[in-house]
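Here is the structure we will look at, set down as structure tokens.
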Amino acid sequence: MPNTNTLEGAIRDAGEGWLIDMYAPPEQAIPHIRRTLADVDALARQRLGGNAPDLSEESIIHHYNRFPLKVKGFFQVLGGTRSSEILLMAWRIIQGMEIKSVLLNYQRQESFAMQVTLQSPYGDDDEVYQSDRIQDFAVFRHIGTMEVSDRPVFDGFYALRRGQ
Amino acid sequence: MIGGVDIRINSAAGKESLEIAARAITHLWPDAVFAHGETGERYDYVWLVPFSEMDEVFVYRDSDSADMWFEKGAVPEAHNTMIHVLHDPGLLTVVVDERNPEMDTALNAIKSGLADDIHSICTV
Chain A
1 MPNTNTLEGA IRDAGEGWLI DMYAPPEQAI PHIRRTLADV DALARQRLGG
51 NAPDLSEESI IHHYNRFPLK VKGFFQVLGG TRSSEILLMA WRIIQGMEIK
101 SVLLNYQRQE SFAMQVTLQS PYGDDDEVYQ SDRIQDFAVF RHIGTMEVSD
151 RPVFDGFYAL RRGQ
Chain B
165 MIGGVDIRIN SAAGKESLEI AARAITHLWP DAVFAHGETG ERYDYVWLVP
215 FSEMDEVFVY RDSDSADMWF EKGAVPEAHN TMIHVLHDPG LLTVVVDERN
265 PEMDTALNAI KSGLADDIHS ICTV
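Sequence lines, in order, name chains A and B. The first sequence begins at 1 in the working numbering and counts up by one. The second sequence begins at 165 in the working numbering and counts up by one.
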């Protein structure tokens with residue numbers, strides 16, 4: 001299991017160092033990621049109040065050391081979206097929220113709209129996440145699918161593998 | 165579980181095979197609890213299980229079933245209340261006491277989850 005104590009260490013250990021190296025200039029990558037996480041953390045507190053997850057840098061590192069594949073997937077989404085709402089949604093799914101429904105409306109070269117409703121396994125209120133940015137659709141690359149008694153289920157949040 | 169039936173399923177999902185299987189089983193057993201295959205540590209929810217650090221996981225139908233297995237072992241009343249899932253490279257093994265419609269529902273859900281190609285395709 002990993003045992004990192006910095007955000008950059010966790011990102012590189014996860015094999016997602018491109019998040020840093022491809023940023024221009026690279027030395028600004030970690031400050032940028034910190035600002036992004038702070039934005040997501042603020043959104044979580046605003047929307048979820050006392051139920052808000054801890055998205056501090058320390059919490060992300062702690063989770064990485066315990067659940068490296070999950071947080072690797074989160075890092076991948078972090079590199080693909082600028083939407084705090086979708087990043088929060090991804091983190092909530094990692095935390096156990098279940099996808100209750102997905103509404104998608106796309107008109108070529110005209111519009112994109114996605115609405116995802118998450119339900120809590122603890123009986124808390126549903127949470128609704130929306131985006132009109134087509135790049136945010138990429139978050140679904142990380143969602144598992146299965147059929148249970150021939151009925152469809154979105155389930156789980158997984159990291160994509162990097163080519164060898 | 166003494167004896168039992170081993171069902172071997174090819175998997176490209178690596179260690180995530182265990183999570184896919186555990187999640188599939190929770191749709192059959194919504195109150196399922198889990199135990200670390202090596203340490204025996206118990207978890208009440210699937211997302212709390214550190215699958216990355218284990219090669220096998222025990223999934224119990226509910227907390228009472230887990231208690232029974234921990235306290236009494238493979239007694240007759242524990243029959244088909246636990247599913248043992250093991251990961252080896254390229255392979256997932258699911259062990260049940262006996263194949264029946266309930267276990268087959270779980271197995272089919274596991275197979276459908278493993279078939280999702282997000283677990284086998286690579287990004288560049």
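We put the CB at the ideal spot given by N, CA and C, even for glycine. The model shown is predicted, which means the values in this text are computed figures rather than measured ones.
| Check | Outcome |
| --- | --- |
| Hey, does A:Ser149 have any beta-carbon neighbour from chain B nearer than 8 Å? | yes |
| Determine the extent of the beta strand (DSSP E) in which A:Glu98 is found, giving its start and end residues. | Glu98 to Gln107 |
| Compute the Euclidean distance between the alpha carbons of B:Ala186 and B:Val210, then round it to the nearest angstrom. | 7 Å |
| Would you list the one or two residues that DSSP bridges to B:Leu250? | B:Glu220 and B:Thr257 |
| A:Gly156 touches chain B at which residues, Cβ-Cβ below 7 Å? | Glu183, Ile184 and Arg187 |
| At least one CB of chain C closer than 8 Å to the CB of A:Met146: is that the case? | Here the protein chains are A and B, and chain C is not one of them. |
| Going along chain A in order, which residues have a C-beta closer than 8 Å to the C-beta of B:Thr203? | Near B:Thr203 there are no residues of chain A at all, since even the closest Cβ is about 13 Å away, more than 8 Å. |
| Determine whether the beta carbon atoms of B:Val169 and B:Val259 lie at a separation below 8 Å. | yes |
| For A:Lys72, is the classification buried or exposed, using 16 other Cβ atoms within 10 angstroms of its Cβ as the cut-off for buried? | buried |
| Return the Cβ separation of A:Leu118 and A:Arg92 in integer angstroms, given the expectation that the two are a contact with Cβ distance under 8 Å. | 6 Å |
| Within the continuous alpha helix (DSSP H) that includes A:Ala113, where are the two ends? | Looking at the DSSP string, A:Ala113 is not in any alpha helix (DSSP H); the run it does join, the beta strand (DSSP E), is Ser111 to Gln119. |
| Could you please tell me which residues of the stretch 265 to 278 of chain B, in chain order, have their CB closer than 7 Å to any CB of chain A? | Thr269, Ala273, Ser276 and Gly277 |
| Does chain A have any CB closer than 8 Å to the CB of B:Ile151? | Not covered by the structure: residue 151 of chain B. The range shown for chain B is 165 to 288. |
| Suppose the cutoff is 6 Å on Cβ atoms and the five residues either side in sequence are ignored; what does the same chain contact list for B:Val223 look like? | Ala186, Ile189, Ala196, Phe198 and Ile247 |
| Would you call the stretch 234 to 252 of chain B and the stretch 71 to 87 of chain A touching, i.e. three or more CB-CB distances under 8 Å? | no |
| Please determine, among A:Gly15, A:Pro2, A:Leu104 and A:Glu57, the residue with the shortest C-alpha to C-alpha distance to A:Gln76. | A:Gly15 |
| Check whether the stretch 117 to 137 of chain A and the stretch 37 to 44 of chain A are in contact - that is, three or more C-beta pairs closer than 8 Å. | no |
| Given that a residue counts as buried once 16 or more other Cβ atoms are within 10 Å of its Cβ, and exposed if not, what is A:Met1? | exposed |
| At a CB-CB cut-off below 7 Å, which residues of chain B make contact with A:Gly96? | Tyr209 and Trp211 |
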